[in-house]
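Protein chains: 2
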Amino acid sequence: MNKKDIVIIGGSAAGLTAAISARRTYPEKTILLIRQEKQVLIPCGIPYVFGTVGSPEKNLMPDAPLEKNNIELLIGKATGIDRKNRVIHTTDGDVGYDRLIISTGSLPIMPPIPGFDIDGVFAVLKDVEFLRNLQQRLAQAKDIVVIGGGFIGIEVADEINKLGDKNISIVELMPHCLSLAYDEEFCIEMEDVLRERGLALRTGVKVEAINGDATVESVSLSDGTTLKADLVIMGIGAAPNVELAKAAGLHIGLTGSIAVDRTMRTSDDFIYACGDCAEKISFFGGGASPLKLASIAALEARIAGANLFGLKRESPGTVGVWSTAVGDLALGTAGLTEAMAKKRGYDVVAVAIEGPNRHPGIMPGAAKIKVKLVFESNSGVLLGGQVRGDSTAGEISNIISACIQKRMTAEDIAMFQMGTQPALTASPVAYPLVNLAEMAIAQMHRS
Amino acid sequence: MNKKDIVIIGGSAAGLTAAISARRTYPEKTILLIRQEKQVLIPCGIPYVFGTVGSPEKNLMPDAPLEKNNIELLIGKATGIDRKNRVIHTTDGDVGYDRLIISTGSLPIMPPIPGFDIDGVFAVLKDVEFLRNLQQRLAQAKDIVVIGGGFIGIEVADEINKLGDKNISIVELMPHCLSLAYDEEFCIEMEDVLRERGLALRTGVKVEAINGDATVESVSLSDGTTLKADLVIMGIGAAPNVELAKAAGLHIGLTGSIAVDRTMRTSDDFIYACGDCAEKISFFGGGASPLKLASIAALEARIAGANLFGLKRESPGTVGVWSTAVGDLALGTAGLTEAMAKKRGYDVVAVAIEGPNRHPGIMPGAAKIKVKLVFESNSGVLLGGQVRGDSTAGEISNIISACIQKRMTAEDIAMFQMGTQPALTASPVAYPLVNLAEMAIAQMHRS
Chain A
150 MNKKDIVIIG GSAAGLTAAI SARRTYPEKT ILLIRQEKQV LIPCGIPYVF
200 GTVGSPEKNL MPDAPLEKNN IELLIGKATG IDRKNRVIHT TDGDVGYDRL
250 IISTGSLPIM PPIPGFDIDG VFAVLKDVEF LRNLQQRLAQ AKDIVVIGGG
300 FIGIEVADEI NKLGDKNISI VELMPHCLSL AYDEEFCIEM EDVLRERGLA
350 LRTGVKVEAI NGDATVESVS LSDGTTLKAD LVIMGIGAAP NVELAKAAGL
400 HIGLTGSIAV DRTMRTSDDF IYACGDCAEK ISFFGGGASP LKLASIAALE
450 ARIAGANLFG LKRESPGTVG VWSTAVGDLA LGTAGLTEAM AKKRGYDVVA
500 VAIEGPNRHP GIMPGAAKIK VKLVFESNSG VLLGGQVRGD STAGEISNII
550 SACIQKRMTA EDIAMFQMGT QPALTASPVA YPLVNLAEMA IAQMHRS
Chain B
150 MNKKDIVIIG GSAAGLTAAI SARRTYPEKT ILLIRQEKQV LIPCGIPYVF
200 GTVGSPEKNL MPDAPLEKNN IELLIGKATG IDRKNRVIHT TDGDVGYDRL
250 IISTGSLPIM PPIPGFDIDG VFAVLKDVEF LRNLQQRLAQ AKDIVVIGGG
300 FIGIEVADEI NKLGDKNISI VELMPHCLSL AYDEEFCIEM EDVLRERGLA
350 LRTGVKVEAI NGDATVESVS LSDGTTLKAD LVIMGIGAAP NVELAKAAGL
400 HIGLTGSIAV DRTMRTSDDF IYACGDCAEK ISFFGGGASP LKLASIAALE
450 ARIAGANLFG LKRESPGTVG VWSTAVGDLA LGTAGLTEAM AKKRGYDVVA
500 VAIEGPNRHP GIMPGAAKIK VKLVFESNSG VLLGGQVRGD STAGEISNII
550 SACIQKRMTA EDIAMFQMGT QPALTASPVA YPLVNLAEMA IAQMHRS
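If you're matching them up, the sequences are chains A and B in order.
With this note's numbering, the residue at position 143 of the first sequence is 292, and numbering never jumps.
With this note's numbering, the residue at position 11 of the second sequence is 160, and numbering never jumps.
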């Protein structure tokens, strides 16, 4: 029987990163990655397949890192795990393992809305064939309803809009789009941009039913209105894909994901899990976390891959770092919003500032950038931050993320030396992160 | 006599920031800022006056922050400090102080090259009138020699080049431009871009003499060649402006700047100094540091302003964080280069990576970004990093700066959750900082 030191099931962001991490940590071990897909889609790139990028085939993760890192690839489906004998059954035969990493990811949630199974209702599956089919259907569709105004929903809607000549609506249950990761004032700015670009927003309403006979015809909302629809896309989130792990008798955690400890080890000492399929705890307070993000998956993969034959790393929990862009508007977020922090019971000082991202403000590429930071009042520790700006918003939220992860205080940030340049950043006097830290300190001393 | 609780002499980046910091820390104190200039130039924006921005008047620091923070402004020259009676003599009368901050900045170095005082030889003075005059002379000049290939030299040369129809040469003593802040491989990339844009580079040569009778005609180099020149610009650095402090008997430090301790206090308990005029120590090892950067000035100003009536902050020393941009090429640096670290005696692991700044790599705005990190081998502590990329290079070097300042290790960085987005950043699998940290860890374990 084929037997490897390390086997990884799943080849998306978590699986690939775990394999590379294992290779870096264990140069002498044999490593095999098992995945179902001949070609693996870049998960975050999927919305762009419909517009900017043009086809699923142009949004693939290269297999070169596997070859480069001497990681064997088996394309097939893992159908069962014999934990006692440490053997994986696959559609391509049995494979023995010494250590196993499960990174089977997640599947889009299809909620039990009446009519969700009518022809013309699509989730956003991470599958080349599926997306190619969806793309063909989109080409013929005129009235499109996207259910869910999170980042996947808005990115997909905006990209489809680039095809032209379509009526696109986004339906969101919460009062605002993106409200799970941004405070209201940021959500409203994104909503304004979406509307300017011709998208119809229906927020604070529930989808009651999807209607149609042979194929979808309309969507009924909780406010009594009905949206015409010849195609519906579900973008309301993803559920962990734990079928294989469950069948093998691995413990399942509070959120329905594979239970793991901070080392990413499951209830079986020889099996690790990482990415969307693995249970997560929050960086803030340690409670169960429903977040599913590439930044988390990649971290967990680096932990799992390094820990297989001796513990080296522990997960600090999910911070929640990500960004999104529509047109010229980019939003980045890291950690807790003001609303989330208050809801969890933190006593916070929140400060926000708006100013040019260049100096002087007439330099090319100049745009107003807005940054908000949320600190815990007593300790001054940074809990979260949000950025609205140009293409640097992603990296600015990564600065914030680094500060959060090292539990930096307002005083730490106020003491930063941050490089500034007329063509690239805000001015040294007005650099937003540092100024916000100073503003927060002044507020804390006053209160 | 006019008397204030806090007086600041100098109104550029350090002085203005110190005034704001003092206001934030001491809401009840009276604050006066004395400066010579009616209008203050944005220092880092000066090179752009000649091309992109178009005139000195479009590159001014607004006075609004003074009004907003209730800081009085006196436009005049401070001619002496009577430390015993705590009185400043100015061209506009005497002003008493309780605490004084000196932020008189620096003046461009005019080296004792024969001919440096001929008409047509200019430094880059931070003065509106001076720059307006230089601009007029530039309009008529055809053959221009810029002496000094640091960031000011290359930015000024490239901006003048935008005026068209000029022959511009940059003369640099070191083997490469920018070599005080970038390793050779980054310097070479910038040099290639400068050449592509039509600038002539003469590196590894010394200026022997500037020649001309009534006005400059040529520049003689140490390799025996001569460059035709009807205008010469000096961009070889700046010396601390300590005339006033020296006359008042304040101690002067190793590098000729005003001696200060880590709290930015001078040899007089009631006087603080910050910015280009103040003595600096390095973050790395604590030796005297010749660096003069806006990021350092702003930090020192935040320390001085906060410490006036009770110590709150200490300077960690100069890290050296800045970025520069020519055309589409942006470079960012923070901390020590590989060459500098080795020269100082550190045992280092240096790792570099190049990859797309978008995912997939065909997204709009995609460019190859290159990042290099330098770690101390034994502790794994990050000593420095350099970035070559698009407009995000500035903020990426600020992430690196934050990591350096908190003495983060490769392991800390490998454990980051960094947000990624197709239109804004590299992919989660390939995010450069995290991958470099992993590469460095693998190397450290091997050695």
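We treat Cβ as the ideally placed atom computed from N, Cα and C, and that holds for glycine.
Here the structure is a predicted model, which means the values were calculated and not measured.
Residues bridged to residue i [DSSP beta-bridge criterion]
{"i": "residue 503/A", "result": "519/A"}
{"i": "residue 388/A", "result": "256/A"}
{"i": "residue 231/B", "result": "236/B"}
{"i": "residue 93/B", "result": "Residue 93/B lies beyond the range of chain B shown here (150 to 596); nothing can be said about it."}
{"i": "residue 200/B", "result": "Partner(s): none; residue 200/B has no beta bridge."}
{"i": "residue 543/B", "result": "DSSP output for residue 543/B lists no bridge partner at all."}
{"i": "residue 534/B", "result": "483/B and 522/B"}
{"i": "residue 383/B", "result": "296/B"}
{"i": "residue 210/B", "result": "Residue 210/B is not bridged to any residue."}
{"i": "residue 582/A", "result": "Answer is none; residue 582/A lacks a bridge partner."}
Chain B contact for residue i (CB, 9 Å cutoff)
{"i": "residue 247/A", "result": "no"}
{"i": "residue 274/A", "result": "no"}
{"i": "residue 412/A", "result": "no"}
{"i": "residue 425/A", "result": "no"}
{"i": "residue 238/A", "result": "no"}
{"i": "residue 561/A", "result": "yes"}
{"i": "residue 253/A", "result": "no"}
{"i": "residue 364/A", "result": "no"}
Residue i (DSSP reduced to helix, strand or coil)
{"i": "residue 486/B", "result": "coil"}
{"i": "residue 570/B", "result": "coil"}
{"i": "residue 396/B", "result": "helix"}
{"i": "residue 248/A", "result": "strand"}
{"i": "residue 528/B", "result": "coil"}
{"i": "residue 411/B", "result": "coil"}
{"i": "residue 404/A", "result": "coil"}
{"i": "residue 375/B", "result": "strand"}
{"i": "residue 219/A", "result": "coil"}
{"i": "residue 511/A", "result": "coil"}
{"i": "residue 593/A", "result": "helix"}
{"i": "residue 173/A", "result": "helix"}
{"i": "residue 194/A", "result": "helix"}
{"i": "residue 186/B", "result": "coil"}
{"i": "residue 159/A", "result": "coil"}
{"i": "residue 166/B", "result": "helix"}
{"i": "residue 556/B", "result": "coil"}
{"i": "residue 550/B", "result": "helix"}
Residue-chain proximity (residue i, chain A), Cβ-Cβ < 9 Å
{"i": "residue 315/B", "result": "no"}
{"i": "residue 302/B", "result": "no"}
{"i": "residue 326/B", "result": "no"}
{"i": "residue 597/B", "result": "Chain B is shown only over 150 to 596; residue 597/B falls outside these bounds and no answer can be derived."}
{"i": "residue 431/B", "result": "no"}
{"i": "residue 210/B", "result": "yes"}
{"i": "residue 217/B", "result": "no"}
{"i": "residue 470/B", "result": "yes"}
{"i": "residue 318/B", "result": "no"}
{"i": "residue 483/B", "result": "yes"}
{"i": "residue 512/B", "result": "yes"}
{"i": "residue 555/B", "result": "yes"}
{"i": "residue 375/B", "result": "no"}
{"i": "residue 281/B", "result": "no"}
Exercise for the section: Counting only runs of 4+ residues fully inside the stretch 294 to 362 of chain A, write out the alpha helix (DSSP H) ranges in chain order. Expected result: 300 to 310 and 333 to 345
Practice task
Taking only beta carbons into account, state which residues of the stretch 519 to 547 of chain A come closer than 8 Å to chain B, listed in chain order.
Solution key: 539, 540, 541, 542, 543, 544, 545, 546 and 547
Handout entry: Interface positions of the stretch 178 to 203 of chain B facing chain A (Cβ-Cβ less than 7 Å), listed along the chain
Key = 191, 193, 194, 197, 201 and 202
Practice task
Could you list the residues in the stretch 329 to 341 of chain B with a C-beta less than 7 Å from some C-beta on chain A, going in chain order?
Solution key: none
Problem - Residue ranges of each alpha helix (DSSP H) within the stretch 416 to 490 of chain B, 4 or longer - result: 443 to 456
Problem - Where the stretch 438 to 453 of chain A meets chain B: residues whose CB sits under 8 Å from a CB there - result: 442, 443, 444, 445, 446, 447, 448, 451 and 452
Problem - Length at least 3, wholly inside the stretch 262 to 298 of chain B: the beta strand (DSSP E) runs in chain order - result: 292 to 296
Practice task
Taking only beta carbons into account, state which residues of the stretch 566 to 590 of chain A come closer than 9 Å to chain B, listed in chain order.
Solution key: 566, 567, 568, 569, 570, 571, 572, 573, 574, 576, 577, 578, 579, 580, 582, 583, 584, 587, 588 and 590
Problem - Contact set between the stretch 159 to 171 of chain A and chain B, restricted to residues whose Cβ is under 8 Å from the partner - result: 162, 165, 166, 169 and 170
Practice task
Could you run through the stretch 377 to 405 of chain B and flag, in chain order, every residue whose CB is less than 7 Å away from some CB of chain A?
Solution key: none
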